[in-house]
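Asker:
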Amino acid sequence: MGGSGIGATTAEAFAQHGAKVAIVGRNEANLKGTEAACKAVNSRAEILPILADVTTDAERIINETVVKFGKLDVLVNNAGIFATGNILNIEVDQFDQILNTNLRSVFLLTKFAAPHLVKTQGNIVNVSSVAGLRSFADVSRYCTSKAALDQFTRCIALDLPAHNVRVNAVNPGVIVTDSSIRAGMSKEEYEKYLEHCKETHALGRVGSTKEVADAIIFLAADTASFITGTTLPIDGGKHAMCPR
Ligand SMILES: NC(=O)c1ccc[n+]([C@@H]2O[C@H](COP(=O)([O-])OP(=O)(O)OC[C@H]3O[C@@H](n4cnc5c(N)ncnc54)[C@H](OP(=O)(O)O)[C@@H]3O)[C@@H](O)[C@H]2O)c1
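Numbering of the sequence shown is given in the numbering used here, commencing with residue 4 and proceeding in unit increments.
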């Protein structure tokens with residue numbers, strides 16, 4: 004979980020439920036903001052901000068968390084970047100950057116977390132996307148990274164059931180965060196895109212970070228004790244729609 008968007012709201016939700024929460028990101032100010040927000044919803048919340056890059060610091064992230072809290076119950080792989088681009092002009096390093104962040108880092112964090120989750124019979128929730136379930140023009144790197152993440156989710160779920168470790172993913176539709184702005188969209192373009200999304204989401208609107216956080220909490224808790232290997236769309240029905 005992290006210092007902005009879905010990760011920040013999810014950290015708050017875990018804190019509200021009394022969990023001890025490690026939050027990870029490269030932006031120190033954002034991490035401090037998330038820490039303060041967690042304390043605001045639960046003044047006794049124990050928060051561990053870890054300034055780190057998931058592509059290079061996965062082992063340290065897991066180690067620092069376990070040293071601080073003594074165990075690991077839940078791993079939420081949320082860090083991710085969005086990018087557009089047509090195959091006619093995508094460079095190889097741009098492809099690598101998306102796959103390194105959205106997929107390879109999840110492999111690394113899962114690898115280092117798994118022995119600790121086996122001890123606690125814990126679980127993993129990966130933050131994928133409707134872009135893992137469906138194909139969209141000019142988003143091949145992102146769609147491919149999330150489709151691979153979905154398959155990784157199912158495969159790791161089958162690696163760990165003997166240890167009662169569950170592995171699931173949420174697949175959000177368009178959720179209002181800064182991710183598209185970070186990917187280079189102007190504020191005006193983003194507003195126009197959100198308006199267009201009323202037609203591409205069956206429920207006629209985009210989603211909120213809280214709606215995704217609630218689903219992550221559901222999957223991480225005992226309420227989902229018989230659910231593993233699932234990819235759960237939180238997308239107002241976008242995955243079910245077909246253009247006609
Ligand atoms: N918003 C949507 O419409 C939407 C839809 C479907 C899926 N998602 C997925 O939801 C997840 C969260 O995205 P968001 O929408 O909440 O966007 P966001 O606000 O931009 O959050 C992305 C988070 O990932 C962290 N991050 C990125 N690269 C990192 C790295 N190398 N090391 C550590 N942290 C890194 C960022 O922290 P720092 O910048 O501090 O490093 C940031 O907190 C992503 O996986 C995204 O693909 C979003």
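Beta carbons: idealized from backbone N, C-alpha and C, even for Gly.
Return the Cβ separation of Asn174 and Ser132 in integer angstroms, given the expectation that the two are a contact with Cβ distance under 8 Å.
Answerer: Numbered from 1 along the sequence shown, position 171 holds the residue referred to as residue 174. Numbered from 1 along the sequence shown, position 129 holds the residue referred to as residue 132. Correct: roughly 6 Å between the Cβ atoms.
Asker: At what residues does the alpha helix (DSSP H) containing Leu111 begin and finish?
Answerer: If you number the sequence shown from 1, residue 111 lands on position 108. 108-123 is the span of the alpha helix (DSSP H), which, as asked, contains Leu111.
Asker: Here's a check: name, in chain order, each residue in its chain whose Cβ is nearer than 6 Å to the Cβ of Leu222, leaving out the five neighbours to either side.
Answerer: For the purposes of this step, residue 222 is identified with residue 219 of the sequence shown, where counting begins at 1. Excluding residues within five positions, the ones whose Cβ falls inside 6 Å are Val128, Asn171.
Asker: Is it buried or exposed for Phe139, if we count other Cβ within 10 angstroms and need 16 for buried?
Answerer: Against the sequence shown, residue 139 aligns to sequence position 136. Exposed is the call here.
Asker: What does DSSP give as the partner residue(s) for Pro52 in the beta ladder?
Answerer: Indexing the sequence shown from 1 puts residue 52 at position 49. Ile26.
Asker: Please look up how many angstroms separate the CB atoms of Ala86 and Arg144, rounded, as I've assumed it's under 8 Å.
Answerer: The sequence position of residue 86 within the sequence shown is 83, counting from 1. The sequence position of residue 144 within the sequence shown is 141, counting from 1. About 6 Å separates the two Cβ atoms, so the contact holds.
Asker: Let's test the definition: count the other Cβ atoms within 10 Å of the Cβ of Asp238 and tell me whether it reaches 16, buried, or not, exposed.
Answerer: In the sequence shown, the residue the question calls residue 238 occupies position 235. The residue is buried, with at least 16 neighbouring Cβ atoms inside 10 Å.
Asker: Return helix, strand or coil for Thr175, following the three-state DSSP convention.
Answerer: As a working mapping, residue 175 is identified with position 172 in the sequence shown. Looking at the sequence provided, one finds Pro at residue 175 rather than Thr. Strand.
Asker: Please tell me whether, using a cut-off of 7 Å, the distance from the CB of Ser132 to the nearest non-hydrogen atom of ligand 1 is below it.
Answerer: Here residue 132 corresponds to residue number 129 of the sequence shown, with the count starting at 1. Because some heavy atom of ligand 1 lies under 7 Å away, the Cβ of Ser132 counts as near it: yes.
Asker: Please check the pair Ile50 and Ala11, which I expect to be a contact at CB under 8 Å, by giving their CB distance rounded to whole angstroms.
Answerer: Residue numbering aside, residue 50 sits at position 47 when the sequence shown is read from its first letter. Residue numbering aside, residue 11 sits at position 8 when the sequence shown is read from its first letter. So it is not a contact: roughly 11 Å between Cβ atoms.
Asker: Would the beta-carbon of Asp99 be found less than 7 Å away from any heavy atom of ligand 1?
Answerer: Position 96 of the sequence shown, counting from 1, holds the residue named residue 99. Checking the Cβ of Asp99 against ligand 1 gives no.
Asker: Tell me the rounded alpha-carbon separation between Thr59 and Leu106.
Answerer: Here residue 59 refers to the residue found at position 56 of the sequence shown. Here residue 106 refers to the residue found at position 103 of the sequence shown. Answer to the nearest angstrom: the Cα atoms are 13 Å apart.
Asker: Is the Cβ-Cβ distance between Thr212 and Lys241 less than 8 Å?
Answerer: As a first step, residue 212 must be located in the sequence shown, where it is residue number 209. As a first step, residue 241 must be located in the sequence shown, where it is residue number 238. Their beta carbons are not under 8 Å apart, which means Thr212 does not touch Lys241 by this criterion.
Asker: For the beta strand (DSSP E) that Thr234 lies in, which residues bound it at each end?
Answerer: Within the sequence shown, numbered from 1, the residue matching residue 234 stands at position 231. Note, Thr234: beta strand (DSSP E), 234-237.
Asker: With distance defined between alpha-carbon atoms, name the residue in Cys200, Leu91, Met188, Arg247 nearest to Ile178.
Answerer: Position 175 of the sequence shown, counting from 1, holds the residue named residue 178. Answer by Cα proximity: Cys200.
Asker: For the alpha helix (DSSP H) that Asn66 lies in, which residues bound it at each end?
Answerer: For the purposes of this step, residue 66 is taken as residue 63 along the sequence shown, with counting starting at 1. That run of the alpha helix (DSSP H) goes 61-72.
Asker: So, for Phe98: in the same chain, excluding its five sequence neighbours on each side, which residues have a beta-carbon less than 7 Å away from its beta-carbon?
Answerer: In the sequence shown, the residue the question calls residue 98 occupies position 95. Hits under 7 Å: Arg144.
Asker: Quick check: does the Cβ of Asp56 come within less than 7 Å of any heavy atom belonging to ligand 1?
Answerer: Counting from one through the sequence shown, the residue named residue 56 turns up at place 53. Result yes, Cβ under 7 Å from ligand 1.
Asker: Using a 10 Å radius around the Cβ and a threshold of 16 neighbouring Cβ atoms, would you call Glu38 buried or exposed?
Answerer: As a working mapping, residue 38 is identified with position 35 in the sequence shown. The residue in question, Glu38, is buried, as its Cβ has 16 or more Cβ neighbours within 10 Å.
Asker: Can you have a look at Thr226 and say buried or exposed, based on whether 16 or more other CB atoms are within 10 angstroms of its CB?
Answerer: Residue 226 sits at position 223 when you count from the first residue of the sequence shown. Answer is exposed; the Cβ neighbour count stays below 16.
Asker: What is the DSSP secondary structure of Val57, reduced to helix, strand or coil?
Answerer: Here residue 57 corresponds to residue number 54 of the sequence shown, with the count starting at 1. Looking at Val57 - three-state DSSP - the assignment turns out to be coil, as it is neither helix nor strand.
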